[in-house]
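If you're matching positions, the sequence shown starts at 1 in full-length UniProt numbering and goes up one per residue. We put the beta carbon where it would ideally sit given N, CA and C, even for glycine. To keep things clear, I will list the structure first and then write my remarks on it.
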Amino acid sequence: MASLTIRKLDDAIRDALRLRAARSGRSVEDEVRVILREAAHDGASAAPMAAPQASAPGRLPPTRADDGLARVTLVIGGGIAAYKSLDLIRRLKERHIDVRCVLTKAAQHFVTPLAASALSHERVYTDLFDPDSEFDAGHIRLARDSDLIVVAPATADLMAKIAHGTADDLASAILLAADVPILLAPAMNPLMWNNAATKRNVATLQRDGIAMIGPNAGEMAEAGEAGVGRMAEPLEIASAAERLLRPPQPRPLAGKRMLITAGPTHEPIDPVRYIANRSSGKQGFAIAAAAHAAGADVTLISGPVELDDPLGVTVKHVESARDMLRQVEATLPVDIAIFAAAVADWRVASEGEQKLKKTAAGMPPLQLVENPDILATISHRKDGRPPLVIGFAAETEHLIENAKTKIARKGCDWIVANDVSPATGVMGGDRNTVHLLTRHGENIEVDSWPVMTKEEVAVELIAHVAKTVSPSS
Ligand SMILES: Cc1cc2nc3c(=O)[nH]c(=O)nc-3n(C[C@H](O)[C@H](O)[C@H](O)COP(=O)(O)O)c2cc1C
């Protein structure tokens, strides 16, 4: 078999490959394997013996390999909770999951195929003997061309059919032919749920490795009835589906403590005015989220921003540069510190205790003094210096030169340099073009990345950090 040296690829391809690998949590080599496998698969399906023409009326839409999205076949059973499955379609699509719906005959008494197809943006399937979709045994393809089958609501009847291997309609035939995981969201009256036959079926389904979410306890649609039998909420089902579709990512930074700063600082002039800058905090917040996803124990120290705190991250909100330094020092020791905040270089020498007034004497003099340099202070610490200190250099000219000078002057290990001149739209925007400067003794290596979203920059940066601090990951 031919071998391929990734380092010899052209820069743009190598960058795109590394980014794709970082996003999917695979090594670059594994990502290449996936691409080759997909290419081989595409080649096979393009062969003359392959499926009918794209224009054939019942041809199924492309599979995951074509559009890169996970695909769920959602079987909607004939229960009162079917209306919630319309919301489930939306919740799955929010998670970038393609949804294709199959409605049982009974389900169509509760929701219409039109509503399901309008929400899923796909044709809806209802009939096992539909000549349009069965010219190539469509029920088998519906079973196989998805990554997961979700049954919601899973009626007592559908569960009995799956447990016994019945295949007398489209939904049950698909479920019998499936070679992908199945997730059931049972919904039925508590008497049906507690019936000995249903209990036997549930036990059989569990033995057969079929996953289940719910049912929950609560009020029933039937007046005055309550108990276990309510379908799990669409959000719960979507999260369970996501867990089955995307098994846990590797956590290369598990056990590592990380400190990240983000956002601007506000330097008070008087009780109502302050000096600020245009930093939105988006880049630092994205790094905190990526570090948390990689398993790190993350503390984010943020200046005033309009962003929600990232889940799973300890967030300390501060105002001024001096507050930020205090919180940074209180958070040490850490294994990795990333200083992405745009800290004000200066503050007003003496902050007015009352709101400054216009006077006949003209403007009050604003004397500025230098703020503490948080990056340099932490990088030069004798005690408790984090083993890896990363700064950000926001420059409007001579980007690389200024960043190289900064790395030496500040004493940090890496600098992420970005051009923040107004034309780039980086300050406050969603995209960033960065250069990663890494110090190796006297040498500084510069790695220039293509334009990416701030989330992509974060994932790529954390992948580099993980490779450096946990090389085996
Ligand atoms: C108003 C109404 C509500 C129903 N709700 C449920 C239900 O929540 N769960 C259930 O298992 N069956 C329920 N059924 C019974 C099913 O619709 C019936 O068993 C049907 O055959 C199920 O078909 P399917 O499993 O092919 O969708 C309900 C029936 C009616 C008329």
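Hey, out of the options, whose CA is closest to residue i's CA?
i	options	result
alanine 394	Ala417, Gly384, Lys382, Val343	Ala417
alanine 255	Leu244, Ile400, Val334, Pro234	At residue 255 the sequence reads glycine, which differs from the alanine that was named. Of the listed residues, the one whose Cα sits closest to glycine 255 is Val334.
arginine 347	Ala321, Ala116, Ala337	Ala321
residue 476	Ile378, His317, Ala240, Gly229	Any question about residue 476 goes unanswered here, given that the chain covers just 1 to 473.
histidine 96	Ala241, Leu300, Ala458, Ile400	Ala241
alanine 156	Lys467, Ile76, Leu69, Gly352	Ile76
glycine 214	Pro372, Pro190, Ala221	Pro190
valine 124	Glu351, Lys161, Leu86	Leu86
tryptophan 193	Glu442, Ile210, Gly227, Ile444	Gly227
threonine 299	Val328, Ala171, Pro271, His109	Val328
lysine 260	Gly391, Lys355, Ala276, Gln206	The sequence given here has isoleucine at residue 260, not lysine. Of Gly391, Lys355, Ala276, Gln206, the residue nearest in Cα terms is Gly391.
methionine 464	Val420, Ala143, Asp413, Glu442	Checking the sequence shown, residue 464 turns out to be histidine, not methionine. Ranking the options by Cα distance to histidine 464, first place goes to Asp413.
methionine 324	Glu351, Ala340, Glu397	Ala340
methionine 212	Arg431, Val202, Ser302	Val202
isoleucine 301	Gly352, Glu233, Pro310, Val315	Val315
proline 304	Asp297, Lys282, Ile407	Lys282
serine 280	Glu306, Arg257, His292	Glu306
phenylalanine 285	Ile275, Thr453, Ala171	Thr453
glycine 295	His109, Pro113, Ser470, Thr112	Ser470
aspartate 130	Pro386, Arg431, Glu94, Leu170	Leu170
alanine 217	Ala232, Gly224, Gly384, Thr126	Ala232
glycine 165	Ala185, Ser146, Arg144, Asp208	Asp208
With DSSP collapsed to three states, give me the class of residue i.
i	result
isoleucine 269	coil
threonine 261	strand
leucine 176	helix
threonine 377	helix
histidine 435	strand
proline 62	Note that proline 62 scores a pLDDT of 39, beneath 50, so its modelled location is shaky; the value from the coordinates is reported in the next line. Three-state result, proline 62: coil.
aspartate 157	helix
lysine 93	helix
asparagine 443	strand
tryptophan 193	helix
threonine 166	coil
arginine 326	helix
valine 151	strand
glutamate 401	helix
asparagine 201	helix
valine 32	helix
serine 302	strand
glycine 391	strand
histidine 121	coil
serine 279	coil
proline 186	strand
glutamate 219	strand
With 16 as the cutoff for other CB atoms within 10 Å, does residue i come out buried or exposed?
i	result
leucine 368	exposed
methionine 188	buried
threonine 265	buried
threonine 331	buried
alanine 197	exposed
methionine 363	exposed
histidine 380	exposed
glycine 441	exposed
residue 474	Summary: the structure shown does not reach residue 474, with the chain confined to residues 1 through 473, and so no result is reported for it.
Which whole-angstrom value is the C-beta distance of residue i and residue j, which I expect to be below 8 Å?
i	j	result
histidine 139	leucine 148	Rounded, the Cβ-Cβ distance is 17 Å, inconsistent with contact.
alanine 107	glycine 78	5 Å
residue 495	lysine 355	No answer is possible for residue 495: the residues shown for the chain start at 1 and end at 473.
asparagine 371	alanine 344	6 Å
lysine 406	isoleucine 400	Contact doesn't hold; Cβ gap of about 10 Å is too wide.
With hydrogens ignored, establish whether the beta-carbon of residue i is closer than 7 Å to any heavy atom of ligand 2.
i	result
isoleucine 80	Judged by which ligands are present, ligand 2 is missing from the structure shown, whose ligands are ligand 1.
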